[in-house]
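Structure first, then comments.
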Amino acid sequence: MSIPVSVIILNWNGRHLLPDCLGSLARQNWRDFETILVDNGSEDGSADWVKANYPQVRVIRLDSNRGFCGGNNAGILAAAGEYIVLLNNDTMVEIDWLKNLYQAITSDPQIAACDSKILYFNERDKIWMSGVNYSIAGIPIARWAGQLDRDEFRQSADVFVACACAAIYRKSVFDKIGLLDEDFFAGYEDVDWSFRAHLYGYRVVNVPSARVYHKVSATHGHNSEMFVRNGQRNVSAVFIKNMPMPLLLRYLLLHLIYVGGSMIYFLKIGRGRAFFQAKLDLLKQLPVLWRKRQQIQKNRRVSSAEIGLLLKRSWFKSKFDKVKILYR
């Protein structure tokens, strides 16, 4: 008998985080899933602890830290499920979380991914994000960020990006559009993957009834040097790699203005060096990035006009949603 869902938890020196995460998974009221822990070269005994305390969890040990993308890709390739769930190790999920995600993604074969409503672990009535919109300027925008959870924030909706902190994916879509881009290492890989899904004509949906509590940036720390360097390289890589050429030319100036605003922000918080290194890294990667772009644009199923309309709708929604620009 096949397993419908494989839940993949990526771990790097996160033994202290695993009791909450794995404990909440063990309490799910829908049980038809396997759990895979991918250990990204941890040195804190995480893998052995899981083996001893959760023997039902399949552990994949990597000999080095392959980043968010490489680690999760290893889990995806090993997974038996028809649907793949990526779940951060610094989370705790509600008892009906997985059931609600599964019901949502199986409701329409054109849905490539569904993500959760993510709330702060220490302020459980406060939303971290609930799906991500994306603007014509290449700006990821977190929906409902910082808002108190209320009835008005409980309606499922199409979004541009499924936040990979806690999301379910149709495995067959990985076969068509590819895995997470390992050149990203960590940061905005979910934006990149979701953009590719849209280029193939798929939907992405936010499911607010799938509730998750997140210990934000417990692994790397918000605005650390590595966090900024990866994120600020990747945010422009997404724009260059995926935007159809007519839209790339039309909105490039807007993206550069956004980059300029980001530069000012990171200079103010003492992360200017990481920002400039990120853009230097981007320039070095341009030849590889451009080859990937050519392949993506060759294979896309949706016209530039349709993507342009989708982006404008996403941007328009952002003006009415309670949102926050993502600097990560």
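In case it helps, my numbering puts the sequence shown at residues 757 to 1084. Using N, Cα and C, we set each Cβ at its ideal position, and we do this for glycine too. Computed from a prediction, not measured in an experiment: that's the story for all the values here.
Collapsing the DSSP output to three states places Cys-825 in a helix. In the structure shown, the three-state DSSP call for Tyr-1007 is helix.
Counting along the chain, Cys-777 sits inside the alpha helix (DSSP H) bounded by residues 774 to 782. When DSSP assignments are scanned along the segment 1019 to 1083, the uninterrupted stretches of beta strand (DSSP E) that are 3 or more residues long and fall wholly within it turn out to be 1079 to 1081. For Leu-843, no alpha helix (DSSP H) encloses it; the enclosing beta strand (DSSP E) starts and ends at 839 to 844. A straight-line Cα-Cα distance of about 12 Å links Val-813 and Cys-777.
Looking at the DSSP output, Leu-875 shares a beta bridge with Ile-883, Tyr-969. By the Cβ neighbour-count rule, Val-994 is buried, with 16 or more other Cβ atoms within 10 Å of its own. If you ignore the 5 residues before and after Arg-989, its C-beta comes within less than 6 Å of the C-beta of Ala-1034, Asp-1037, Leu-1038, all in its own chain and listed in chain order. For secondary structure counted as the alpha helix (DSSP H) over 4 or more consecutive residues, the segment 893 to 935 holds these complete runs in sequence order: 927 to 933.
In this chain, the beta strand (DSSP E) harbouring Tyr-890 covers 888 to 890.
In this chain, the alpha helix (DSSP H) harbouring Phe-983 covers 981 to 998. The bridge partners DSSP lists for Val-947 come to none. The straight-line gap separating the alpha-carbon atoms of Val-1058 and Gly-987 is approximately 27 Å. The Cβ atoms of Val-888 and Ser-965 lie no closer than 9 Å to each other. A Cβ-Cβ distance of about 10 Å is found for the pair Ser-872 and Trp-884, leaving them out of contact under the 8 Å criterion. Within 10 angstroms of the beta-carbon of Glu-945 lie 16 or more other beta-carbons, which makes it buried. Note on geometry: alpha-carbon atoms of Asn-829 and His-970 lie some 22 Å from one another. For Ile-765, the enclosing beta strand (DSSP E) covers residues 761 to 767.
As the crow flies, the alpha-carbon of Lys-855 is around 11 Å from that of Ile-924. In the three-state DSSP reduction, Ile-867 falls in the strand class (E or B). By the Cβ criterion, the segment 816 to 832 is in contact with the segment 791 to 804, since at least three pairs of Cβ atoms, one from each stretch, lie closer than 8 Å. Contact between Ala-893 and Ala-953 is ruled out by a C-beta separation of about 20 Å, above the 8 Å threshold. Leu-842 places its beta carbon less than 9 Å from that of Ala-920. Around the beta-carbon of Leu-1042, fewer than 16 other beta-carbon atoms lie within 10 Å, marking it exposed. Around the beta carbon of Val-968, 16 or more other beta carbons lie within 10 angstroms, which makes this residue buried. In this structure, DSSP gives Val-813 a state outside helix and strand, which the three-state scheme calls coil.
For Lys-807, the closest alpha carbon among the candidates Thr-847, Glu-981, Leu-774 is that of Leu-774. Take the alpha-carbon of Met-848 and the one of Ala-898: they are about 20 Å apart.
The residues Arg-967, in chain order, have a CB closer than 6 Å to that of Glu-850 in the same chain once the five nearest residues on each side in sequence are set aside. For the options Ser-980, Lys-1048, Ala-1061, the alpha carbon positioned closest to that of Ala-1030 is the one of Ser-980.
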